[in-house]
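See structure below.
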Amino acid sequence: MTTDLPATEATPPAGLPDRRLLFVHAHPDDETITNGVTMAKYAAEGALVTLVTCTLGEEGEVIPPELAHLASDRDDTLGEHRIGELAAAMEALGVTDHRFLGGPGRYRDSGMMGVPHNDNPKCFWQADLDEAAGRLVDVILETRPQVLVTYDSNGGYGHPDHIQAHRVAMRGYELAAARGHTIDRVYEVCFPRSVVAAGFERLRAAGGNSVFQHIATPDDVPGVVDDALVNASVNGEAYSDNKKAALTAHHSQIAVDGPFFALSNELGQPFFGTEYFRQVRGEALAEGVADGLFPEVAESAR
Ligand SMILES: [Zn+2]
Numbered sequence: 000m001t002t003d004l005p006a007t008e009a010t011p012p013a014g015l016p017d018r019r020l021l022f023v024h025a026h027p028d029d030e031t032i033t034n035g036v037t038m039a040k041y042a043a044e045g046a047l048v049t050l051v052t053c054t055l056g057e058e059g060e061v062i063p064p065e066l067a068h069l070a071s072d073r074d075d076t077l078g079e080h081r082i083g084e085l086a087a088a089m090e091a092l093g094v095t096d097h098r099f100l101g102g103p104g105r106y107r108d109s110g111m112m113g114v115p116h117n118d119n120p121k122c123f124w125q126a127d128l129d130e131a132a133g134r135l136v137d138v139i140l141e142t143r144p145q146v147l148v149t150y151d152s153n154g155g156y157g158h159p160d161h162i163q164a165h166r167v168a169m170r171g172y173e174l175a176a177a178r179g180h181t182i183d184r185v186y187e188v189c190f191p192r193s194v195v196a197a198g199f200e201r202l203r204a205a206g207g208n209s210v211f212q213h214i215a216t217p218d219d220v221p222g223v224v225d226d227a228l229v230n231a232s233v234n235g236e237a238y239s240d241n242k243k244a245a246l247t248a249h250h251s252q253i254a255v256d257g258p259f260f261a262l263s264n265e266l267g268q269p270f271f272g273t274e275y276f277r278q279v280r281g282e283a284l285a286e287g288v289a290d291g292l293f294p295e296v297a298e299s300a301r
């Protein structure tokens, strides 16, 4: 089995599973929306799945009226509430190693780009890059991931915390390499345009605005890219129920209706049981779209 492991590592570090993945996300719920089936699948297969969430999502918009008082302009207790939602979501996905960067509440949600919260010295957007990345390096050196997953440089849709999560992840990758652990592959999350378009067709065909006010458009989905840029996918259809349960756990932020869901804009979106990635660091993949994030250990480790 060891001959199939990446060249940088002859045997897994003591006490750690053969396969290890690190996901870096901005707010509680991002991990489930973008990587829910991937996390559930690898966790079920015995891989170490580590989630680092950078903020508590204190500035999120609250959907259920009965929870409206949690919002930052009222009680400002949404962050605390979302710690519980994230824990429930991780239970649904079977992920036991989830942490907040620097501990819960170390970095505050920065709000959408251009709002006054962006200037709060405690917010993630104002964080010192090397200091924040240093906290991620501690996690990397402990869990020794072969795979790192985060957003593209625009954070998928321009949210300051998503952009900063990308920067911290990429800086953490560099700093960890300088300290002796090179992550084999770094992936950005993305959605192929054709898949998203087909998902919206399904939503329209199903009369998707029966529950949701309106249907979103592919432009509302973060990280949509030309199909040719996608070079890996994880078919997690078998874990769709886990992802739906995890989406439901993020009750303050997400409304779920059958195969569709909506965020606080109340625009219905299709649910995806296959997730897509673009490799941006590490040895080049073969042409086409790889099945899974660990092509070279796919057979030996199952
Ligand atoms: Zn987010």
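In numbering that gives the first Met the number 0, the protein residues as written are 0 to 301.
Where is the CB? At the ideal position from N, CA and C, for every residue including glycine.
Integer Cβ distance of residue i from residue j, believed to fall under 8 Å
{"i": "residue 73", "j": "residue 46", "result": "Contact doesn't hold; Cβ gap of about 40 Å is too wide."}
{"i": "residue 224", "j": "residue 189", "result": "5 Å"}
{"i": "residue 107", "j": "residue 119", "result": "6 Å"}
{"i": "residue 186", "j": "residue 279", "result": "7 Å"}
{"i": "residue 148", "j": "residue 22", "result": "5 Å"}
{"i": "residue 175", "j": "residue 140", "result": "6 Å"}
C-alpha gap between residue i and residue j, whole angstroms
{"i": "residue 96", "j": "residue 268", "result": "29 Å"}
{"i": "residue 301", "j": "residue 44", "result": "Summary for residue 301: the model assigns pLDDT 39, below 50, so the residue's position carries little reliability; its value from the coordinates is reported in the next sentence. For residue 301 and residue 44, the distance between alpha carbons rounds to 7 Å."}
{"i": "residue 179", "j": "residue 146", "result": "15 Å"}
{"i": "residue 266", "j": "residue 277", "result": "26 Å"}
{"i": "residue 252", "j": "residue 42", "result": "24 Å"}
{"i": "residue 104", "j": "residue 194", "result": "36 Å"}
{"i": "residue 51", "j": "residue 65", "result": "29 Å"}
{"i": "residue 92", "j": "residue 246", "result": "10 Å"}
{"i": "residue 262", "j": "residue 87", "result": "18 Å"}
{"i": "residue 360", "j": "residue 99", "result": "Because the chain here runs from 0 to 301, residue 360 falls outside it and cannot be looked at."}
{"i": "residue 293", "j": "residue 167", "result": "23 Å"}
{"i": "residue 220", "j": "residue 34", "result": "14 Å"}
{"i": "residue 297", "j": "residue 291", "result": "Summary for residue 297: the model assigns pLDDT 43, below 50, so the residue's position carries little reliability, and this model does not support an answer."}
{"i": "residue 204", "j": "residue 258", "result": "12 Å"}
{"i": "residue 227", "j": "residue 241", "result": "29 Å"}
{"i": "residue 71", "j": "residue 238", "result": "34 Å"}
{"i": "residue 17", "j": "residue 11", "result": "6 Å"}
{"i": "residue 75", "j": "residue 13", "result": "43 Å"}
{"i": "residue 161", "j": "residue 182", "result": "21 Å"}
{"i": "residue 110", "j": "residue 61", "result": "13 Å"}
Local Cβ density within 10 Å of residue i, reported as buried at 16 or more and exposed below that
{"i": "residue 171", "result": "buried"}
{"i": "residue 198", "result": "buried"}
{"i": "residue 303", "result": "Because the chain is modelled from 0 through 301, residue 303 falls outside the range shown and cannot be assessed."}
{"i": "residue 68", "result": "exposed"}
{"i": "residue 124", "result": "buried"}
{"i": "residue 218", "result": "exposed"}
{"i": "residue 49", "result": "buried"}
{"i": "residue 128", "result": "exposed"}
{"i": "residue 254", "result": "buried"}
{"i": "residue 200", "result": "exposed"}
{"i": "residue 113", "result": "exposed"}
{"i": "residue 274", "result": "buried"}
{"i": "residue 216", "result": "exposed"}
Minimum Cβ-Cβ distance from residue i to chain D less than 8 Å
{"i": "residue 170", "result": "Of the chains in the structure shown, none is chain D; there is only one protein chain."}
Residue i: CB within 7 Å of a non-hydrogen atom of ligand 2
{"i": "residue 25", "result": "This structure lacks ligand 2; its bound ligands are ligand 1."}
Practice prompt. Mind listing, in chain order, the continuous alpha helix (DSSP H) runs of no fewer than 4 residues lying wholly within the region 159-183?
Written response: 159-177
Fill in: Contiguous beta strand (DSSP E) assignments of at least 3 residues, all confined to the region 240-292
254-256, 259-261, 266-269, 273-280
Item to complete: Give a yes or no on contact between the region 19-30 and the region 53-69, applying the rule of three or more CB pairs nearer than 8 Å.
Response: yes
Discussion item. So, does the region 278-292 touch the region 210-218, judging by three or more C-beta pairs under 8 Å?
Written reply: no
Discussion item. Please give the ranges of any alpha helix (DSSP H) in the region 35-113, keeping only runs that are unbroken, at least 4 residues long and fully inside the region.
Written reply: Counting only runs of at least 4 residues, the region 35-113 fully encloses the following alpha helix (DSSP H) elements, listed from N- to C-terminal order: 77-92.
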